[in-house]
Amino acid sequence: MVFEPGFAGLGTKVQARDLVPSPRHAAAVWRRNALVFSKLWKGALLPTFLDPFFYLLALGFGLGTYIAHGINGIPYKEFVAPGLIASAAMWSAAFETTYNVYFRMNELRLYDNVLSTPVEPQDLVAGDIAWSATRATVYGIVVLIVVASVGLVSSPWAIAIPPFVLLGGLCFSVIGYTFTALIPKIDLYSYFFTLGITPMFLFSGIFFPFNQLPGWVEVVAWLTPLYHLVEITRGLATGPDGVQILIHTAWLAVVAAALFVIPVRALRAKLVP
Amino acid sequence: MTAVVSRDAAVVARGLSKSYGNRLAVDGIDFEVPPGICFGFLGPNGAGKTTMMKMIYGLATVGGGELLVLGMDAVRERRRIKSRIGVVPQETNLDNDLTVWENLILQAKYFGIGSEEASPRADELLRFALIRDRADDRIQALSGGMKRRLLIARSLINDPELIVLDEPTTGLDPQARLAVWRALERLRRRGVTLLLTTHYMEEAARLCDRLLIMDEGRIVTEGRPADLVREHAGREALELDLADDCDPQALLASLGERADGHELHDGALTLYAEDAEELLRSLDHDRFPTEAAIVRRATLEDVFLRLTGRSLRE
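Protein sequences, first through last, are from chains A and B.
First residue of the first sequence: 1, per the working numbering; consecutive thereafter.
First residue of the second sequence: 1, per the working numbering; consecutive thereafter.
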């Protein structure tokens, strides 16, 4: 894998006009993805309804019955449920920005066409990421509806969850897109999922809190975007602490914004050599 | 090359080059495409044609030298250039998840064209491409020829002044190819500048007003098709299938000045002359036995093979 000059174009000089997306052109890219999804959503969303049911059944109603006192004063079912909203968003964004983007880019060659119109790489990445975050929000809302309908949400603040899921979705999508723009072969996604997404799912505080674990575990978790989104959704579903939510929100926003230039530059280096 | 560049040239390249890693794909070339004509790039695989086209339509950065498209600098004004040209790529990259109609409407969106303007335009383009009755079909339901015509229709959504076509008829049956040719001829009559690459010499001869032959990243020759044939091949060709005991070098030596040129490849000898039949009669058939002889007009194919050789490029 040789990229010239510099790996993924990261060593080259880039001008601001090549990084700042045009909203109108990014919106056209978003629209294409939304149009395709609008034809497939019935089939695509059904598993999203079933998934949280299975987790709640196995963990909340199964394992949870052995955790008599709940966690931090919250019944175990209610502890797990809001985290599943966050993880649904993560899985959605991870699949959208890896396999789906990979197929559009490398198999269907759609991006060759899009980039020979006035759409530039930064518009394409922005539109795709905005779409991926939108889809993640739709999936998160589905899970929110499921857990609320079985009575696992105790605070009315839960209604405010979707915009935070959108922000978390942006953050997950930027990371997934970066990976897609850098890898030469589709086989490498197994590393992304096995070493990135799955451990994040298990160790971001969805299923157990970090209070009893060594301090470094929490430090590691703090570096993952899922941890912050889980803290936000759980806070809003059980009774929020405004300052904490602000800190987690800022983390997600800063990381998403700071990383955005990486997939833009990598995609440009790959498709406009 | 012309020293003074006319300001309204569709494309101007000066010392244009491009390399991928250590491989030099385009090696400092100069050319100028006048507006309103059909300009063809010919060359064997790997000659640098596609790289050249990609620099023009913004899918490859300019490596070195200068490239002006519709008077705009290809390095600094990429977005503006792309908004005024149309592209028909070598590979079909239509959106398979969408219908024919949706493909055109979305393409309009990429150009920032609003819905009120896009619908009548898409309708007109479907008629132009003779696929109006297939508007609601998925892309998979179209034949290869229809997909090609849809690609051309898609490239016209922004009413471009310049259309870049990379091998527009490769893989099509004769009827489908003819339909594409007719569409391109109609466009040229409207005054659109066409820039195309092709491997089919009869296509180049039929469509192109000017041709540029490339090999290994450089320009080999440039000119009007008929002039190129006259200059590099002559008027007629004599193809000889030499018998095993015929010595080609001795045969060539015996001809002296009577042939304008020749091509020898695996016992097949092509001779170029003003009057090929006369040349055939004058051969010493006892000394130089042949299995078969064909007299024909010289074509672009002869020019191409003479200038770029007969060996395979892979």
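Idealized CB from N, CA, C, for every residue including glycine.
Original post:
Counting contacts by CB-CB distance shorter than 8 Å, is residue 60 of chain B in contact with chain A?
Top reply: It does; some Cβ of chain A falls within 8 Å.
Subject >> C-beta neighbour in chain B for residue 120 of chain A, strict 8 Å >> reply: Answer yes: the Cβ-Cβ gap between residue 120 of chain A and chain B drops below 8 Å somewhere.
**OP:** Kindly list, in the order they appear in chain A, the residues whose Cβ is closer than 9 Å to that of residue 82 of chain B.
**Re:** By Cβ distance, chain A contributes 115, 116, 117, 118, 119, 120.
**OP:** Just the chain B side, please: which residues come within less than 9 Å of residue 109 of chain A by C-beta, in chain order?
**Re:** Within chain B, the residues near residue 109 of chain A are 89, 91, 92, 93.
Original post:
With 16 other CB atoms within 10 Å as the buried threshold, where does residue 155 of chain B fall?
Top reply: Taking all protein chains in view, the Cβ of residue 155 of chain B is crowded by 16 or more other Cβ atoms within 10 Å, so the residue is classified as buried.
Original post:
Should residue 107 of chain B be flagged as near chain A, meaning a C-beta pair shorter than 8 Å?
Top reply: Output row for residue 107 of chain B: interface = yes.
Original post:
Considering residue 97 of chain B, what are the terminal residues of the alpha helix (DSSP H) in which it resides?
Top reply: Residue 97 of chain B: not part of any alpha helix (DSSP H); DSSP gives it neither H nor E.
**OP:** Report all residues from its chain with a CB closer than 6 Å to the CB of residue 158 of chain B; omit the five preceding and five following residues, and keep chain order.
**Re:** The residues are 111.
Original post:
Who does residue 134 of chain A pair with in a DSSP beta bridge?
Top reply: DSSP lists no beta-bridge partner residue for residue 134 of chain A.
Original post:
Mapping DSSP to helix, strand and coil, what is residue 227 of chain B?
Top reply: Assigned with DSSP and collapsed to three states, residue 227 of chain B falls in helix.
Original post:
Along chain B, in chain order, which residues have C-beta atoms closer than 8 Å to that of residue 28 of chain A?
Top reply: Neighbours of residue 28 of chain A on chain B, chain order: 106, 109, 110, 112.
Original post:
Relative to the alpha-carbon of residue 234 of chain B, which residue among B:300, B:53, B:308 has its alpha-carbon at the smallest distance?
Top reply: When each option's Cα is compared against that of residue 234 of chain B, the closest is B:300.
Subject >> Rounded distance between the beta-carbons of residue 308 of chain B and residue 213 of chain B, thought under 8 Å >> reply: So it is a contact: roughly 7 Å between Cβ atoms.
Subject >> Distance between residue 100 of chain B and residue 95 of chain A (C-alpha atoms, nearest Å) >> reply: Distance between the alpha carbons of residue 95 of chain A and residue 100 of chain B is about 27 Å.
Original post:
Got a sec: is the Cβ-Cβ distance from residue 79 of chain B to anything in chain A below 8 Å?
Top reply: At a cut-off of 8 Å between beta carbons, residue 79 of chain B contacts chain A.
**OP:** Please name the residues in the stretch 34 to 56 of chain A whose beta-carbon is closer than 9 Å to at least one beta-carbon of chain B, in chain order.
**Re:** Of all residues in the stretch 34 to 56 of chain A, 35, 36, 39, 40 have a Cβ within less than 9 Å of some Cβ in chain B.
**OP:** May I have the straight-line CA-CA distance separating residue 353 of chain B from residue 273 of chain A, to the nearest angstrom?
**Re:** Because chain B spans 1 through 314 in this model, residue 353 of chain B falls outside it and cannot be assessed.
Original post:
Using 8 Å as the Cβ pair cut-off and three pairs as the minimum, do the stretch 9 to 28 of chain B and the stretch 48 to 66 of chain B touch?
Top reply: Three or more beta-carbon pairs separated by less than 8 Å link the stretch 9 to 28 of chain B to the stretch 48 to 66 of chain B, which places the two stretches in contact.
**OP:** Could you tell me which chain B residues have their CB closer than 8 Å to the CB of residue 272 of chain A, listed as they occur along the chain?
**Re:** Within chain B, the residues near residue 272 of chain A are 58, 59, 60, 61.
Subject >> Contacting residues, own chain, Cβ-Cβ under 7 Å from residue 132 of chain A (five flanking each side not counted) >> reply: Around residue 132 of chain A: 93, 96, 97, 169, 173.
Original post:
Would DSSP call residue 76 of chain A helix, strand or coil?
Top reply: In this structure, residue 76 of chain A counts as helix in the three-state DSSP scheme.
Subject >> Interface residues of chain B facing residue 25 of chain A [CB-CB closer than 8 Å] >> reply: One finds 110, 112 in chain B with Cβ atoms closer than 8 Å to the Cβ of residue 25 of chain A, taken in chain order.
Original post:
Per the contact definition of three or more C-beta pairs closer than 8 Å, is the stretch 37 to 46 of chain B in contact with the stretch 190 to 201 of chain B?
Top reply: Cβ pair count under 8 Å is three or more, so yes.
Subject >> Beta-bridge partners of residue 39 of chain B, as assigned by DSSP >> reply: Per DSSP, B:195, B:210.
Original post:
Does any CB atom of chain B fall closer than 8 Å to the CB of residue 265 of chain A?
Top reply: Chain B, which has no Cβ nearer than 8 Å to the Cβ of residue 265 of chain A, makes this no.
Subject >> C-alpha gap between residue 178 of chain A and residue 120 of chain A, whole angstroms >> reply: When rounded, the distance between both Cα atoms is 17 Å.
Subject >> Between the CA atoms of residue 296 of chain B and residue 100 of chain A - distance to the nearest angstrom >> reply: Going from the Cα of residue 100 of chain A to the Cα of residue 296 of chain B covers about 55 Å.
Original post:
Leaving out five residues before and five after residue 353 of chain B in sequence, what residues of the same chain have Cβ atoms less than 6 Å from its Cβ?
Top reply: No answer is possible for residue 353 of chain B: it lies beyond the span of chain B, which begins at 1 and ends at 314.
Original post:
Below 8 Å between beta carbons: does that hold for residue 116 of chain A and residue 58 of chain B?
Top reply: Cβ atoms of residue 116 of chain A and residue 58 of chain B: closer than 8 Å.
**OP:** My understanding is that residue 164 of chain A touches residue 233 of chain A, with C-beta atoms under 8 Å, so please give their C-beta distance in whole angstroms.
**Re:** Between residue 233 of chain A and residue 164 of chain A the Cβ distance is about 7 Å, and since that is below 8 Å, they are a contact.
Original post:
Counting only beta-carbon atoms, is residue 98 of chain B nearer than 8 Å to chain A?
Top reply: The beta-carbon of residue 98 of chain B is placed less than 8 Å from the nearest beta-carbon of chain A.
Original post:
What residue does the alpha helix (DSSP H) around residue 144 of chain B start on, and which one ends it?
Top reply: In the DSSP assignment, residue 144 of chain B falls within the alpha helix (DSSP H) that extends over 144 to 155.
Original post:
Going by DSSP, what residues sit across from residue 78 of chain B in a beta bridge?
Top reply: For residue 78 of chain B, which the question treats as bridged, DSSP gives no partner whatsoever.
Original post:
Would you report the Cα separation of residue 5 of chain B and residue 36 of chain A, rounded to the nearest angstrom?
Top reply: The pLDDT assigned to residue 5 of chain B is 49, lower than 50, so where the model puts this residue is not dependable; a value taken from the coordinates is nonetheless given after this. Rounded to the nearest angstrom, the gap between the Cα atoms of residue 5 of chain B and residue 36 of chain A is 47 Å.
**OP:** Determine whether the Cβ of residue 20 of chain B lies closer than 8 Å to any Cβ atom of chain A.
**Re:** Yes, contact with chain A.
Original post:
Apart from the five residues on each side of it in sequence, which residues of its chain come closer than 7 Å, Cβ to Cβ, to residue 77 of chain A?
Top reply: Around residue 77 of chain A: 56, 60, 61, 64, 152.
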